[in-house]
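Residue numbers (the numbering used here), protein chains in the order written: chain B, 7 to 341; chain R, 137 to 748. Here is the structure we will look at, set down as structure tokens.
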Amino acid sequence: MSRTLGLVLVTFALLAAVAAPVLAPHATDAHFGGLLNAPPTVVHFADASGGWHAPFIYRWRLVSQLEQRYEEDLSTRVRLAWFSGGHVVQSSDEGAAPLLLLGADSYGRDVFTRLLFGARTSLGLAVTAALGALLIGATLGGLAGFAGGVFDDVLMRAADFVMVLPAIYVALALRAVLPLVLTASEVFGLLASIFAIVGAPFVARGVRAIVRSERRLDYAVAAEALGASDARLLFRHLLPSARGFMAVQMTLLIPAFIVAEATLSYVGLGFPDPIASWGTMLHDASSNIRVFADFPWLLSPAAAMFLVVLGVNLVLQNRRSEDVRHIGVRHTQRL
Amino acid sequence: MFAKNKNLHANPKLGRSTAHAFDRAVSWPLGQIVTRQTRRLAASVAFVVAGVLAGAGCRSNTPPKSATAAASKSGVPRGGDLIASVRSEPRSFNRHAASDSTTELISNLTQGKLVHVNQATQAVEPSLAESWTSEDAGRRVTMHLRRDVVFSDGHPFTADDVLFSFEVANDEKTQSILADAVRTGGKPLQVAATDPHTVVITSAAPFAPGVRVLEILPILPRHRLEAAFKAGTFAKAWGLDTPMSDIVGLGPFVLSQYAAGQRVVLTRNPKYFAKAPDGGALPYLDRLTIEILPDQSAELLRLQSGQLDMMTSEISPESYASLKRSADGGKITLLDLGVSRNAEGLFFNLKPGAFGADPRAPWLQRDELRQAINMAVDRKVFVDTVFFGAGVPVYGPETPANKVWYWEGLPHTPYDPAAARQLLASIGLTSGADGVLKDARNQPARFTLVTQKGRPSMERSVAVIRDELKKIGLTVDVVALDSRAVIQAFLTAKYDAIYFNADKTDLDPGTNQDFWFSSGLAHMWNLEEKTPATDWERRIDELMTKQIASPDLAERRQLYNEVQKIFYDHQPMIYFAAPRIFVAHATRVTNLTPAEYRPQLLWRPDTVAVIR
Chain B
7 MSRTLGLVLV
17 TFALLAAVAA
27 PVLAPHATDA
37 HFGGLLNAPP
47 TVVHFADASG
57 GWHAPFIYRW
67 RLVSQLEQRY
77 EEDLSTRVRL
87 AWFSGGHVVQ
97 SSDEGAAPLL
107 LLGADSYGRD
117 VFTRLLFGAR
127 TSLGLAVTAA
137 LGALLIGATL
147 GGLAGFAGGV
157 FDDVLMRAAD
167 FVMVLPAIYV
177 ALALRAVLPL
187 VLTASEVFGL
197 LASIFAIVGA
207 PFVARGVRAI
217 VRSERRLDYA
227 VAAEALGASD
237 ARLLFRHLLP
247 SARGFMAVQM
257 TLLIPAFIVA
267 EATLSYVGLG
277 FPDPIASWGT
287 MLHDASSNIR
297 VFADFPWLLS
307 PAAAMFLVVL
317 GVNLVLQNRR
327 SEDVRHIGVR
337 HTQRL
Chain R
137 MFAKNKNLHA
147 NPKLGRSTAH
157 AFDRAVSWPL
167 GQIVTRQTRR
177 LAASVAFVVA
187 GVLAGAGCRS
197 NTPPKSATAA
207 ASKSGVPRGG
217 DLIASVRSEP
227 RSFNRHAASD
237 STTELISNLT
247 QGKLVHVNQA
257 TQAVEPSLAE
267 SWTSEDAGRR
277 VTMHLRRDVV
287 FSDGHPFTAD
297 DVLFSFEVAN
307 DEKTQSILAD
317 AVRTGGKPLQ
327 VAATDPHTVV
337 ITSAAPFAPG
347 VRVLEILPIL
357 PRHRLEAAFK
367 AGTFAKAWGL
377 DTPMSDIVGL
387 GPFVLSQYAA
397 GQRVVLTRNP
407 KYFAKAPDGG
417 ALPYLDRLTI
427 EILPDQSAEL
437 LRLQSGQLDM
447 MTSEISPESY
457 ASLKRSADGG
467 KITLLDLGVS
477 RNAEGLFFNL
487 KPGAFGADPR
497 APWLQRDELR
507 QAINMAVDRK
517 VFVDTVFFGA
527 GVPVYGPETP
537 ANKVWYWEGL
547 PHTPYDPAAA
557 RQLLASIGLT
567 SGADGVLKDA
577 RNQPARFTLV
587 TQKGRPSMER
597 SVAVIRDELK
607 KIGLTVDVVA
617 LDSRAVIQAF
627 LTAKYDAIYF
637 NADKTDLDPG
647 TNQDFWFSSG
657 LAHMWNLEEK
667 TPATDWERRI
677 DELMTKQIAS
687 PDLAERRQLY
697 NEVQKIFYDH
707 QPMIYFAAPR
717 IFVAHATRVT
727 NLTPAEYRPQ
737 LLWRPDTVAV
747 IR
């Protein structure tokens with residue numbers, strides 16, 4: 007059950023990210039000038055007099071500009087336009103009554119649109135960085151565990167060094183020496199590289215320990231005796247035994263990198279505005295003391311992060327249990 | 137102009153290069169001890185009335201009868217503690233060594249000045265000098281010092297302390313950041329004492345703004361600081377590690393405790409010279425605690441929860457509604473002080489040759505680019521987005537808050553993106569099929585706009601500018617840096633364009649010469665020019681020289697209008713809007729005289745009181 011829920015959450019997030027251009031009613035940088043911090047548009051089925059209609063919305067009327075208070079203008083129903091303009095749903099009057107399913111941010115941009123496109127950025131970065139960390143960590147850890155000796159010592163001390171580095175300051179220092187203006191793709195590459203390097207030692211240490219212990223087992227000794235090359239022994243026989251560990255690491259790294267992107271964006275080191283990412287959205291929300299009391303929809307990226315992290319954990323937690331059982335069976339067969 | 141610009145003056149190189157002299161015969165026979173009503177009456181005929189606007193939205197609090205047990209004869213309650221907040225640590229307790237806002241605030245709380253500028257009315261009021269007379273077209277001013285004044289350690293205050301304070305400011309070894317404030321035409325003011333209570337200040341040239349510039353100079357105790365001065369270590373004196381008892385002054389409060397990163401505690405100076413209208417002692421407060429809270433959200437939460445009595449800076453527009461709810465609930469008082477006298481602005485790097493072989497050089501420093509930007513930004517959108525409607529469009533260097541020097545005749549640039557495109561086309565920036573402007577190399581026309589990180593108004597402003605210019609095809613890369621990095625880019629002229637604040641110390645443009653003169657240290661777009669780089673800058677130099685020397689206000693205004701027109705035509709700094717200033721304080725704080733300029737509620741700390 008929990009795995010199913012996890013799969014639903016993760017699949018939902020991935021589908022939303024992939025289908026963002028179709029699901030999102032607007033462009034990420036589209037501004038609605040009179041709707042700064044406007045609340046989510048409510049989809050109605052019945053009007054004020056109780057009459058039933060096809061789904062419709064009311065436009066927001068500004069009550070106080072300085073206080074950013076709005077109320078629904080009940081005088082006119084605005085119908086929804088389905089499957090038009092390349093979008094699943096929009097308002098039929100986008101100029102006066104845009105469909106803002108999760109409200110607007112402080113610049114009057116559609117939070118729902120930015121949340122969907124932000125998922126592409128944030129999830130893409132987290133998955134890319136986690137895979138990079140696994141690749142680097144598994145390779146180095148496997149080599150260290152297999153080779154042993156000085157090579158092992160040097161690699162593990164290097165891993166220790168990276169692990170004790172304060173990641174945020176490393177990112178700050180790296181950003182300081184780079185050009186002031188970076189494109190979104192350059193920022194993506196930079197952050198993915200930093201995260202992969204910072205995350206790799208955690209993978210490397212675990213993989214190294216597994217490879218060292220597995221190498222002494224009979225099946226590895228047998229493969230070596232039968233003439234398997236070092237590379238075959240390492241990549242065909244030893245590293246696969248670390249699959250379960252690496253799955254666990256994915257469980258930890260993906261959420262950590264989602265949060266890390268948010269953190270770096272929060273301190274201004276992430277993606278440049280108006281690129282949407284969950285981190286930049288939270289950064290924008292953080293400057294307003296009224297977020298919790300008056301504009302909770304601005305925290306929707308935090309909710310999305312929670313659900314994705316929960317989903318990944320539920321899926322991989324189940325996977326871990328299977329791996330443990332699988333490893334147990336394998337070892338029994340080998341013995 | 138920027139003596140109170142906290143960011144610019146993080147670097148001591150940036151100071152004021154004002155030329156000061158005194159031309160107006162001013163006398164205050166009633167001395168310091170005048171009633172509030174008298175001061176207000178005098179202020180009403182003073183030449184600056186910005187405070188009228190500021191006062192329009194203000195209310196004063198009347199203490200309830202229950203509080204009069206500890207009240208003065210005039211009904212103002214005495215005693216009690218007040219807790220205010222600042223955003224940053226003081227960098228020193230020596231005003232000559234640091235110009236950050238907290239150092240300046242603490243200096244104002246603990247040190248006395250010869251004169252005092254009433255921030256609500258802009259009138260110059262007596263302080264340590266109880267009266268003064270002017271001769272020789274304002275070049276020579278005789279100041280009569282208040283008698284029977286003592287420092288907080290009991291040592292008598294005399295003209296010798298005034299001489300010492302000027303010596304310190306003018307000494308090259310001290311490298312005082314206030315040095316420029318006591319110079320005229322690059323030469324120090326000559327100060328002499330004719331008796332222990334009279335000083336004569338002589339200037340080389342006439343200076344229309346008059347004695348108001350002396351408000352910046354704290355009068356320091358020679359008996360405490362002369363040793364350090366003679367040893368050449370004055371700049372290090374009164375650092376943050378100095379025992380509090382060693383720091384004495386003539387201000388209403390004395391330092392009692394400094395906890396780094398937490399707070400500065402000041403207690404009442406029982407030897408403070410000023411008296412209340414009823415003849416009683418000032419200040420009213422027993423203790424003033426300044427909490428150091430780097431984040432405005434923390435300040436607001438503490439204010440709303442009653443842990444803070446006031447902030448020393450204005451509240452941001454996005455926080456208004458939250459505070460209004462608290463005000464409606466009777467927890468705090470929320471004040472609208474009117475339009476700010478200062479507006480943030482955008483300036484390009486106009487240093488000749490700054491872009492060298494950069495292929496953008498042919499268009500990046502052209503007037504037409506700046507004029508096009510001036511037309512392409514919809515100021516209504518700017519005000520609505522940045523200040524949530526709580527602001528006014530600004531088209532020149534003065535905002536409507538400056539009632540004397542703001543010129544209604546300055547053209548109000550209409551929002552006209554089509555005309556902006558035409559102007560850009562005239563300098564070779566033409567639009568491609570994608571709507572993006574391209575230069576002669578067919579490369580997108582783009583520039584980097586630097587601003588300060590962590591300042592919502594600036595970050596929101598550059599976002600609006602970027603989006604507005606995108607509509608005409610100009611690409612703007614926004615970079616937010618910490619204030620030191622912005623200043624470094626500014627000082628080294630390694631930037632395309634900067635959006636920054638340029639706060640005015642005083643409303644009189646004659647006191648802002650470092651901004652106006654091409655040789656000025658705060659001539660933002662091209663610092664310290666040896667000779668004017670352009671004809672229009674040369675013309676501004678000439679006009680400002682006349683403007684500063686003229687004793688006739690009408691003539692000064694006419695000359696300054698001409699300066700503003702030249703400024704408008706060439707747009708070296710592009711202004712878009714000025715915000716309204718909102719401040720809030722706990723309802724128990726009373727007897728305030730709010731003013732638009734920081735610290736809005738604490739510029740007259742000796743008269744602030746709390747209901748206990």
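Quick reminder that beta carbons are idealized off the backbone N, C-alpha and C, glycines included.
- Residues of chain B with a Cβ closer than 7 Å to the Cβ of Leu436(R) are, in chain order, Ile295.
- Contact note: Val117(B) does not reach chain R at a C-beta cutoff of 9 Å; the least C-beta distance is about 16 Å.
- Within the segment 163 to 234 of chain B, no complete beta strand (DSSP E) segment of 3 residues or longer occurs.
- Each residue's CA atom was taken as its position, placing Arg283(R) and Ala373(R) some 28 Å apart.
- At a Cβ-Cβ threshold of 9 Å, Gly148(B) and Val213(B) count as neighbours.
- Neighbours of Ala457(R) in chain B, taken as residues whose beta carbon is under 8 Å from its own, are Ser70, Leu72, Glu73, Gln74, Arg75, Arg296 and Asp300 in chain order.
- Of the candidates Asp290(B), Arg67(B) and Phe194(B), Arg67(B) places its Cα closest to the Cα of Pro46(B).
- Only residues of its own chain outside the window of five on either side were considered, and among them Leu353, Pro354, Ile355 and Leu356 have a CB closer than 8 Å to the CB of Ser301(R), listed in chain order.
- Put simply, the segment 290 to 300 of chain B does not touch the segment 190 to 207 of chain B. Fewer than three CB pairs are less than 8 Å apart.
- A check of alpha carbon separations from Ser449(R) across Leu471(R), Lys467(R) and Gly442(R) identifies Leu471(R) as the nearest.
- Annotated as distal: Ala658(R) and Ala629(R), with beta-carbon spacing of 9 Å or more.
- Under the three-state reduction of DSSP, Ser619(R) is assigned to helix.
- From the beta-carbon of Ala599(R), the residues of chain B found nearer than 9 Å are Tyr113, Asp279 and Pro280.
- Between the alpha carbons of Pro104(B) and Ser70(B) lies a gap of roughly 19 Å.
- Sequence-ordered contacts of the segment 30 to 42 of chain B with chain R read Asp35, His37, Gly39, Gly40 and Leu42 [C-beta pairs closer than 9 Å].
- At a beta-carbon threshold of 8 Å, the residues of chain B lying near Lys460(R) are Glu73, ordered along the chain.
- Its Cα nearest to that of Arg404(R), the residue Gly387(R) stands out among Gly474(R), Gly387(R) and Ile608(R).
- Look at the beta carbons and you see the segment 579 to 586 of chain R touching the segment 491 to 507 of chain R: at least three pairs across the two are nearer than 8 Å.
- Here Gly109(B) is not near Thr521(R), since their CB atoms are 9 Å or more apart.
- With contacts defined as CB atoms closer than 9 Å, Pro715(R) and Pro529(R) fail to qualify as a contacting pair.
- Inter-segment contact for the segment 237 to 256 of chain B and the segment 187 to 195 of chain B is absent: fewer than three beta-carbon pairs are separated by less than 8 Å.
- Look at Met709(R) here: in three-state DSSP terms it is strand.
- For the segment 494 to 528 of chain R, the residues whose beta carbon sits under 7 Å from a beta carbon of chain B are, in order, Val517, Asp520, Thr521, Phe524, Gly525 and Ala526.
- For the pair Ala329(R) and Ser686(R), the Cα-to-Cα distance works out to about 28 Å.
- For Val187(B), the nearest beta carbon of chain R is closer than 9 Å to its own beta carbon.
- The Cβ of Asp603(R) sits closer than 9 Å to at least one Cβ of chain B.
- Of Lys323(R), Arg596(R), Ser228(R) and His252(R), the smallest CA-CA separation from Pro741(R) is found for His252(R).
- Rounded to whole angstroms, the Cβ separation of Ala102(B) and Arg65(B) is 5 Å, and the two are in contact under 8 Å.
- Look at the beta carbons and you see the segment 670 to 684 of chain R not touching the segment 375 to 383 of chain R: under three pairs across the two are nearer than 8 Å.
- Secondary structure note for Arg65(B): its beta strand (DSSP E) is the uninterrupted segment Trp58 to Ser70.
- Residues of chain B with a Cβ closer than 8 Å to the Cβ of Ser441(R) do not exist; the shortest Cβ-Cβ separation is about 13 Å.
- Taking the Cβ atoms as the reference, Ala479(R) lies roughly 5 Å from Tyr711(R), within the contact range of under 8 Å.
- Only residues of its own chain outside the window of five on either side were considered, and among them Leu42, Asn43, Asp290 and Asn294 have a CB closer than 7 Å to the CB of Ser112(B), listed in chain order.
- Counting only runs of 4+ residues, the alpha helix (DSSP H) found wholly inside the segment 549 to 611 of chain R occupies 553 to 562 and 592 to 607, in chain order.
- Taking a cut-off of 8 Å for Cβ pairs, the segment 218 to 226 of chain R and the segment 429 to 449 of chain R touch, as three or more such pairs fall below it.
- With three or more CB-CB distances shorter than 8 Å, the segment 77 to 88 of chain B counts as touching the segment 54 to 64 of chain B.
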